[in-house]
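Chemist: In my numbering, the protein residues as written are 29 to 185. Let me begin by handing over the structure; questions about it come next.
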């Protein structure tokens with residue numbers, strides 16, 4: 029029944045969070061997969077909860093150094109969020125920040141910078157930016173810009 033599936037969904041979310049806390053992202057992925065199966069039966073395909081589950085799964089894959097799969101899921105979550113949330117929603121900043129960090133890890137500095145700049149834009153547009161998040165974002169931007177300058181400047185090669 030629908031009620032039982034909703035309860036199971038909550039159970040899978042809780043199990044996934046416990047597994048992440050215990051550094052068992054592999055098990056968390058299994059829980060998120062079960063949760064996603066239930067969500068896809070119950071919710072419209074562009075529901076924010078589906079995006080949240082895909083995003084969380086993507087994070088688990090990144091933690092496990094399965095970067096391609098992590099990127100794929102986070103990009104899928106981003107596409108759903110673009111359809112279902114206002115452009116300045118906090119979930120966008122979180123998604124862009126995570127994708128920026130992923131691209132930084134896999135040495136795609138231009139993409140990383142692009143996403144970190146989007147994070148900054150969202151924080152500043154909010155009127156009340158989360159200061160620690162904004163400072164972390166600004167630091168990431170400066171580091172990427174400095175590394176790009178070193179790479180592109182002939183006098184520093």
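Quick reminder that beta carbons are idealized off the backbone N, C-alpha and C, glycines included.
CB residue 47 to CB residue 59, shorter than 8 angstroms?
Modeler: Their beta carbons are under 8 angstroms apart, which means residue 47 touches residue 59 by this criterion.
Chemist: In whole angstroms, what is the alpha-carbon distance linking residue 77 and residue 44?
Modeler: If I take the Cα positions, the gap works out to 15 angstroms.
Chemist: Roughly how many whole angstroms lie between the Cα atoms of residue 153 and residue 141?
Modeler: About 18 angstroms.
Chemist: Rounded to whole angstroms, what's the CA-CA distance from residue 92 to residue 52? Just pull it up for me.
Modeler: Each residue's alpha carbon lies about 9 angstroms from the other.
Chemist: Taking the beta carbon of residue 205 as the centre, do at least 16 other beta carbons fall within 10 Å, making it buried, or is it exposed?
Modeler: Because the chain spans 29 through 185 in this model, residue 205 falls outside it and cannot be assessed.
Chemist: In the DSSP assignment, the alpha helix (DSSP H) including residue 59 goes from what residue to what residue?
Modeler: 53-70 is the extent of the alpha helix (DSSP H) around residue 59.
Chemist: Assign residue 173 to one of three DSSP states: helix, strand, or coil.
Modeler: Helix.
Chemist: Work out the CA separation of residue 67 and residue 149 for me, nearest whole Å.
Modeler: If you take the alpha carbons of residue 149 and residue 67, they lie about 31 angstroms apart.
Chemist: Leaving out the 5 sequence neighbours to the left and right, which residues in its chain are closer than 6 angstroms to residue 94 when beta-carbon positions are compared?
Modeler: Nothing meets the Cβ criterion.
Chemist: Identify the continuous alpha helix (DSSP H) that holds residue 74 and give its terminal residues.
Modeler: Taken as a continuous stretch (DSSP letters only), residue 74 belongs to no alpha helix (DSSP H), as it is neither H nor E.
Chemist: Rounding to the nearest angstrom, what Cα-Cα distance links residue 100 and residue 85 in this structure?
Modeler: Using only the alpha carbons, I get a separation of about 10 angstroms.
Chemist: Just how far apart, CA to CA, sit residue 69 and residue 75?
Modeler: The straight-line gap from Cα to Cα measures roughly 12 angstroms.
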